[in-house]
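Residue numbers (my numbering), protein chains in the order written: chain A, 623 to 878; chain B, 41 to 299.
Heads up: the structure comes next, in structure tokens.
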Amino acid sequence: MAVQGAPRIGSVAVTGVWKEYALASHRPRTLKEALVGALRGQGAEPPRSWALKEIGFTIEPGESFGIIGTNGSGKSTLLKLLTGISKPTLGTVEVHGKVSALLELGAGFHPDFSGRENTYLNGAILGLTRKEMEERYDSIVAFAELAEHIDQPVKTYSSGMYMRLAFSIAVHVDPDVLIIDEVLAVGDAAFQKKCIDRIHGFRRDGRTILFVSHSHGQVAQLCDRVAWIDRGVLRALGPSRDVLSRYEAHIAGTEG
Amino acid sequence: MALLSTHPWLAYREMFLGLVEREVRARYRGSFLGFLWSLLNPLLLMGIYTLVFSVVMRIQVPNYALMLFTGLLPWTWFSTSLTNGTASITANANLIKKVYFPLEILPLVSVSTNWVNFLFSLPVLGVFLLAKGIAPGWAMLALPVLMAVQFALTFGVNLILATMNAFYKDVEQLLGPVLMAWFYVTPVVYPVSMIPGDYAWLTYVNPMAPLVVGYQDILMRGAAPWSPGLFVAALEASACLMLGLWVFRRRKFVFAEVI
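Shown next, in the form of structure tokens:
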């Protein structure tokens, strides 16, 4: 799987990443509060905390990599760094190639516009040109099973239809790195199976998959290697089976 | 060779155009009625100010209603852009927290959408002008220059206000009174010639003043708009744009954490 030399499209390198978060409750929320705080001589050094501490790992092109951890462990913070939405305080995050994240489902849909209009705009938001969208449009609609409703406003859609369309657009972005944030509970069982099949298809095509979850079932099924994040620290990194069994033991220990 | 993510700039251009198209179409949904609706605000203001200043206070200005309308259109572009643009980051929190894209697009969409509305309202102004016997002249060729200066100014101020509003949620509430004060120091409801000499400096501090005067010169008098004030306004607009981009880019990677 290792590819010699640069650039290696589909590779991910996270090196010495620390991420600091200002505690929201101590930050002035309005200009008025900020002014009052300044007059009272407050607000100089807000208390800060580390959401991630010294995180480092590399992912080879074509690898299926899992990130696991309980809620509040820092997974979503790491995800935001990987998608480029925020920047690490220290260290570097390098993702080579086109990224699509399935945490973006339906972001930017406008309820008053039709499925067709939303599909084109959502495609552009996810980084597809109009030409690319035109090539993929029929396939997107077919995958979402929405041919009859595509010209109706999205506000008339059921939540299942809405998610099916959003998922279908996201998997048609055709990324080099696909980031999945436990959103596989889309639609009914049949559609879920279609989604899983699609993701396995990505894997067979040699795309890099980054799967973020707090439950081990799908991670075990999908991932070669797993990183376990616990309270902002990388607790374990290695083959899925080893890391998942340690994670399971830890969960059982804290809960039992 | 792709270093880091290969950002498809073409796609972002299409995202920008798609968002502008969506905003414009959302406003004109229901076709012609929607268009009239967007004109209602400046028309209503024109009626009210004409009643107050021309009928009640008997201000002696030729073509007062027309002067008002000519000034109200660019002012509406400016003020509505700022109102939308200031909230553009906070209003799109859901998108910003989930998808990576150049966030400058959002305040840019606010300015552009309202610019399109401004362009759509120009023919209506043209009809009013023709009704008063004022024909369009060569001076119209200078319109793009005025619009470019106003666009840069509005986008720059938008970037600053959108950044502030991401951190301090009351900026958008404070904007209303500020815009009202700004409106009254801009020669829209009175001609610039009525400003007393002691206060003439205001027209240099406020870049909207020479812009509004410029539109009136071009459209009502068929005169070239060039003035020292406009030159200063162009410098101020450039400074605003550079400051805005600098402030916004320094802060934009924190937006997802604070909104």
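Cβ atoms here follow ideal geometry from the backbone N, Cα and C, with glycine treated the same way.
Minimum Cα-Cα distance from Arg291 (chain B) among the listed residues B:Ile235, B:Trp222 and B:Phe207 corresponds to B:Phe207.
Scanning the stretch 198 to 279 of chain B for uninterrupted beta strand (DSSP E) segments of 3 residues or longer gives nothing; none is fully contained. Taking the Cα positions, Gly839 (chain A) is about 10 Å away from Cys845 (chain A). Residue burial annotation: Asn744 (chain A) is buried, with at least 16 other C-beta atoms found within 10 angstroms of its C-beta.
None of the residues of the stretch 253 to 285 of chain B has a beta carbon lying less than 7 Å from any beta carbon of chain A. Per DSSP, reduced to three states, the secondary structure at Pro163 (chain B) is helical. Of all C-beta pairs linking the stretch 80 to 94 of chain B to the stretch 171 to 186 of chain B, fewer than three are shorter than 8 Å, placing the two stretches out of contact. In the three-state reduction of the DSSP assignment, Arg825 (chain A) falls in the helix class, which pools H, G and I.
Residue state for Tyr643 (chain A) is assigned as strand, using DSSP reduced to three classes. Put simply, the backbone Cα of Val225 (chain B) is about 33 Å away from that of Arg65 (chain B). The C-beta of Glu212 (chain B) comes no closer than 7 Å to any C-beta of chain A.
Here the alpha carbon of Leu159 (chain B) sits roughly 15 Å from the alpha carbon of Gly74 (chain B). At a C-beta separation below 7 Å, His732 (chain A) has these neighbours in chain B: Arg62. Between Ile707 (chain A) and chain B, the shortest Cβ-Cβ separation is below 7 Å.
Gly860 (chain A) carries a strand assignment under DSSP once its states are collapsed to helix, strand and coil. Residue environment for Ala127 (chain B): buried (at least 16 other C-beta atoms within 10 angstroms of its C-beta). Taking all protein chains shown into account, Glu757 (chain A) has fewer than 16 neighbouring C-beta atoms within 10 Å of its C-beta and is therefore exposed.
Note on geometry: alpha-carbon atoms of Gly638 (chain A) and Trp286 (chain B) lie some 28 Å from one another. Residue contact check for Phe293 (chain B) against chain A: a CB pair falls below 7 Å. When the Cα atoms are used, Tyr140 (chain B) and Pro710 (chain A) turn out to be separated by approximately 15 Å. Assigned with DSSP and collapsed to three states, Glu716 (chain A) falls in strand. Rounded to the nearest whole angstrom, the C-alpha separation of Pro683 (chain A) and Asp827 (chain A) is 11 Å.
The bridge partners DSSP lists for Trp850 (chain A) are A:Ile690 and A:Ala858.
Among the CB atoms of chain B, none fall inside 7 Å of the CB of Gly737 (chain A). Assignment of beta-bridge partners to Thr680 (chain A) by DSSP yields A:Ala635.
Residue contact with chain B for Arg847 (chain A): absent (no Cβ-Cβ distance below 7 Å to any residue of chain B).
In this structure, DSSP gives Ser695 (chain A) a state outside helix and strand, which the three-state scheme calls coil. C-alpha of Glu212 (chain B) to C-alpha of Asn157 (chain B): approximately 22 Å in a straight line. Rounded to the nearest whole angstrom, the CA to CA distance from Arg820 (chain A) to Val776 (chain A) is 24 Å.
By the criterion of a C-beta distance shorter than 6 Å, Gly860 (chain A) is surrounded by no residue of its chain, once the five residues flanking it on both sides are discounted.
In the same chain as Met55 (chain B), and ignoring 5 residues on each side of it, the C-beta atoms closer than 8 Å to its own belong to Phe141 and Ile145, in chain order. Counting C-beta atoms within 10 angstroms of its own C-beta, Glu739 (chain A) has 16 or more neighbours from the protein chains shown and is therefore classed as buried. Taking the Cα positions, Tyr89 (chain B) is about 57 Å away from Lys697 (chain A). By the criterion of at least three beta-carbon pairs nearer than 8 Å, the stretch 721 to 738 of chain A is in contact with the stretch 762 to 778 of chain A.
The closest CA to that of Ile851 (chain A), considering only A:His794, A:Ile791, A:Ile689 and A:Leu768, is found on A:Ile689. Put simply, the CB of Lys697 (chain A) is far from chain B, with every gap to its CB atoms at 7 Å or more.
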